[in-house]
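Chemist: Would you mind keeping the following structure in view while I ask a few things?
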Amino acid sequence: MVNRHLTGAHYGLRDWLVQRLTAVVILFYAAAMIAFLLLAVGVSFEGWKALFSLVWVKVLTTVSMLALLWHAWIGMRDIWMDYIKPAGVRIAMHTLTALWLIGSLVYMIKVVWGAQ
Amino acid sequence: MKMHFKIYRFNPDVDQKPYMQDYHVELEPADKKLLDALVRLKAVDDTLTFRRSCREGVCGSDAMNINGKNGLACITDVAGLKQPVEIRPLPGLPVIRDLIVDMTQFFKQYHSIKPYLINEGPKPDRERLQSPEDRKELDGLYECILCACCSTSCPSFWWNPDKFVGPAGLLAAYRFIADTRDEATTERLDNLEDPYRLFRCHTIMNCVDVCPKELNPTKAIGKIKDLMVKRIV
Chain U
37 MVNRHLTGAH YGLRDWLVQR LTAVVILFYA AAMIAFLLLA VGVSFEGWKA
87 LFSLVWVKVL TTVSMLALLW HAWIGMRDIW MDYIKPAGVR IAMHTLTALW
137 LIGSLVYMIK VVWGAQ
Chain V
112 MKMHFKIYRF NPDVDQKPYM QDYHVELEPA DKKLLDALVR LKAVDDTLTF
162 RRSCREGVCG SDAMNINGKN GLACITDVAG LKQPVEIRPL PGLPVIRDLI
212 VDMTQFFKQY HSIKPYLINE GPKPDRERLQ SPEDRKELDG LYECILCACC
262 STSCPSFWWN PDKFVGPAGL LAAYRFIADT RDEATTERLD NLEDPYRLFR
312 CHTIMNCVDV CPKELNPTKA IGKIKDLMVK RIV
């Protein structure tokens, strides 16, 4: 195969922007959770359980976890793009990362929305 | 003043691998800059090889890694240097000999951003005029001397020198995007919208740290991204 420097994929801006926006969501969620636990319901199993029995907390958690997973996808893919040179190995790492993140998503849904 | 240097030596015709050579040299009172010391060293050992030309921070030839930080030998004071002064070639580029690196990859990236004014309009009689405000936009961009201190201190450029334009090239790209006389903004942004060419920059900011002209490539890269965002929202 010919050896050419291949660039010009014409993407990247959306990922860069999404990484910043999802970071804001994660920051907001983390700050809100800490504030709720410390100020409203108290740091205890009962407080934690009461907080997560509220539907809007579950929704907020799910949205924030989606933001986290999307953020992690872009970040992990960036690391593979930085350091892994052989295209085959890189595709394999991308695939494993995607599978791991999808698995985390399924497990998160089970934990947050499953039976109490 | 006697100074102790440890200098990276490599002559591919003779040496199997690079090594660090110790030099002790007596400096004259007029030897204020590191380049003065290197020239004095070369008088003792004429096999020591390095590039230099203007000796006043304008040509960008004598960029090297000085005590772990890239800089120009000709504007680095010897007095402030911790001894032994370790001098190595710019990191990340192939070494031709001693402190001389092969800049081909660096200039390839620079050329890839089309570092010249693109304007298909009719040629003016004398010159293309700019308002002082428009001209001000180019301050902090046009001063780049292409010494490669920034790009060779950038880990993203080390890992992907063939694909990532690097801080020097991106600063130059924004210099033409910011120029009101240039008409190719769309093409220039298209050219950079790529996960490698622009978005390998992870705002590590080594480039800002080392620039001998005190320019800010990270800021220029941020402005390119800002324009790209404005283009799509």
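Just so you know, the protein sequences line up as chains U and V, in that order.
FYI, the numbering for the first sequence is 37 to 152, going by my numbering.
FYI, the numbering for the second sequence is 112 to 344, going by my numbering.
For every residue, glycine included, the Cβ atom is placed at its ideal position computed from N, Cα and C.
Between Asp173 of chain V and Leu138 of chain V, is the Cβ-Cβ spacing less than 8 angstroms?
Modeler: Going by C-beta atoms, Asp173 of chain V is not nearer than 8 angstroms to Leu138 of chain V.
Chemist: Just reading off the beta strand (DSSP E) that Met175 of chain V is part of, what are its end residues?
Modeler: 174 to 177 is the span of the beta strand (DSSP E), which, as asked, contains Met175 of chain V.
Chemist: Would Leu326 of chain V pass as a contact of Glu248 of chain V if the rule is Cβ separation under 8 angstroms?
Modeler: No. Outside cutoff.
Chemist: I'd like the list of long-range same chain contacts for Gly171 of chain V, defined as Cβ closer than 6 angstroms, with 5 residues on each side in sequence excluded.
Modeler: Ile256, Leu257, Cys258.
Chemist: Do you know how far the Cα of Leu87 of chain U is from the Cα of Val95 of chain U?
Modeler: Approximately 12 angstroms between the Cα atoms of the pair.
Chemist: How many whole angstroms separate the CB atoms of Thr58 of chain U and Trp106 of chain U, which I take to be in contact at a CB cut-off of 8 angstroms?
Modeler: The pair is a contact, with the Cβ atoms about 5 angstroms apart (cut-off 8 angstroms).
Chemist: Using 8 angstroms for Cβ pairs, my map puts Val276 of chain V next to Ser242 of chain V. What's the rounded Cβ distance?
Modeler: Not quite, the Cβ-Cβ distance comes to about 29 angstroms (not below 8 angstroms), so this is no contact.
Chemist: Is it right to say Thr158 of chain V is buried, meaning 16 or more other beta carbons lie within 10 angstroms of its own, or is it exposed?
Modeler: With fewer than 16 Cβ atoms within 10 Å of its Cβ, Thr158 of chain V is classed as exposed.
Chemist: Identify which residue in V:Arg286, V:Ala284, V:Thr263, V:Asn122 has its Cα closest to the Cα of Phe217 of chain V.
Modeler: Cα-wise, what sits closest to Phe217 of chain V is V:Thr263.
Chemist: What are the complete beta strand (DSSP E) segments, minimum 3 residues, inside the segment 181 to 266 of chain V?
Modeler: If we require 3 residues or more, the beta strand (DSSP E) runs fully inside the segment 181 to 266 of chain V come out as 196 to 199, 206 to 208.
Chemist: With a threshold of 8 angstroms on Cβ separation, who are the neighbours of Thr98 of chain U within its own chain once the five nearest residues in sequence on each side are excluded?
Modeler: The residues are Met144, Ile145, Val148, Trp149.
Chemist: Classify His107 of chain U as helix, strand or coil using the three-state DSSP reduction.
Modeler: DSSP places His107 of chain U in helix when its eight states are reduced to three.
Chemist: Do we get a CB-CB distance below 8 angstroms when we pair Phe121 of chain V with the residues of chain U?
Modeler: Phe121 of chain V does not count as touching chain U.
Chemist: Would you kindly work out how many angstroms separate the C-alpha atoms of Leu152 of chain V and Pro129 of chain V, rounded to a whole number?
Modeler: C-alpha separation (whole angstroms): 19 angstroms.
Chemist: Is Ser262 of chain V close to chain U, meaning its C-beta is less than 8 angstroms from at least one C-beta of that chain?
Modeler: No, Ser262 of chain V does not count as interfacial toward chain U.
Chemist: Could you tell me if Ala123 of chain U is buried or exposed, where buried requires 16 or more neighbouring beta carbons within 10 angstroms of its beta carbon?
Modeler: Ala123 of chain U should be labelled exposed.
Chemist: Can you tell me which of the three DSSP states Tyr119 of chain U falls into?
Modeler: Three-state DSSP puts Tyr119 of chain U in a helix.
Chemist: Take every Cβ of the segment 224 to 241 of chain V, pair it with every Cβ of the segment 161 to 171 of chain V, and state whether three or more of those distances are shorter than 8 angstroms.
Modeler: Touching, no.
Chemist: Among V:Ile288, V:Asp273, V:Lys144, V:Phe121, which has the Cα closest to the Cα of Gly191 of chain V?
Modeler: Nearest C-alpha to Gly191 of chain V: V:Lys144.
Chemist: Thinking just about the alpha-carbon of each residue, which of U:Phe72, U:Leu63, U:Leu73, U:Ala45 is nearest to the one in Leu104 of chain U?
Modeler: Per the Cα distances, U:Leu63.
Chemist: Could you give the distance in angstroms between the alpha-carbon of Trp270 of chain V and the alpha-carbon of Lys85 of chain U?
Modeler: Rounded to whole angstroms, Trp270 of chain V to Lys85 of chain U spans 47 angstroms at the Cα level.
Chemist: Around the C-beta of Pro205 of chain V, are 16 or more other C-beta atoms found within 10 angstroms, so that it is buried, or is it exposed?
Modeler: Exposed, by the Cβ-count rule.
Chemist: Please classify Met112 of chain V as buried or exposed, where buried requires at least 16 other C-beta atoms within 10 Å of its C-beta.
Modeler: So Met112 of chain V counts as exposed.
Chemist: I need the DSSP call for Phe116 of chain V, collapsed to helix, strand or coil.
Modeler: The answer is strand: DSSP assigns Phe116 of chain V an E or B state.
Chemist: Could you tell me whether any Cβ in chain V is nearer than 8 angstroms to the Cβ of Leu63 of chain U?
Modeler: With 8 angstroms as the cut-off, Leu63 of chain U does not count as an interface residue toward chain V.
Chemist: Name the residue from V:Phe116, V:Pro323, V:Asp320, V:Gly203 whose alpha carbon lies nearest to the alpha carbon of Pro266 of chain V.
Modeler: When only C-alpha atoms are compared, the closest one is V:Gly203.
Chemist: Can you tell me the Cα-Cα spacing of Val77 of chain U and Ser100 of chain U, whole angstroms?
Modeler: For Val77 of chain U and Ser100 of chain U, the distance between alpha carbons rounds to 20 angstroms.
Chemist: Quick check on Tyr47 of chain U: does DSSP put it in helix, strand or coil?
Modeler: Looking at Tyr47 of chain U - three-state DSSP - the assignment turns out to be coil, as it is neither helix nor strand.
Chemist: Can you give the Cα-Cα distance for Gly111 of chain U and Asp133 of chain V, rounded to whole angstroms?
Modeler: For Gly111 of chain U and Asp133 of chain V, the distance between alpha carbons rounds to 43 angstroms.
Chemist: Let me confirm a value: Gln220 of chain V is counted as buried when at least 16 other C-beta atoms fall within 10 Å, else exposed. Which label applies?
Modeler: Its Cβ being crowded by 16 or more others within 10 Å, Gln220 of chain V is buried.
Chemist: Quick check on Ile41 of chain U - is its C-beta less than 8 angstroms from some C-beta in chain V?
Modeler: Note that residue 41 of chain U corresponds to His in the displayed sequence, not to Ile. Closer than 8 angstroms to some Cβ of chain V, the Cβ of His41 of chain U qualifies, so yes.
Chemist: Check distances from the C-beta atoms of the segment 304 to 316 of chain V to those of chain U and list, in chain order, the residues that come in under 8 angstroms.
Modeler: Within the segment 304 to 316 of chain V, the qualifying residues are Glu304, Asp305, Pro306, Tyr307, Arg308, Leu309, Phe310, Arg311, His313.
Chemist: Can you tell me which residues form a DSSP beta bridge with Met131 of chain V?
Modeler: Note: Met131 of chain V sits in a beta bridge opposite V:Tyr119.
Chemist: Please report the straight-line C-alpha distance between Trp52 of chain U and Ile138 of chain U, rounded to a whole angstrom.
Modeler: Their backbone Cα atoms lie some 21 angstroms apart in a straight line.
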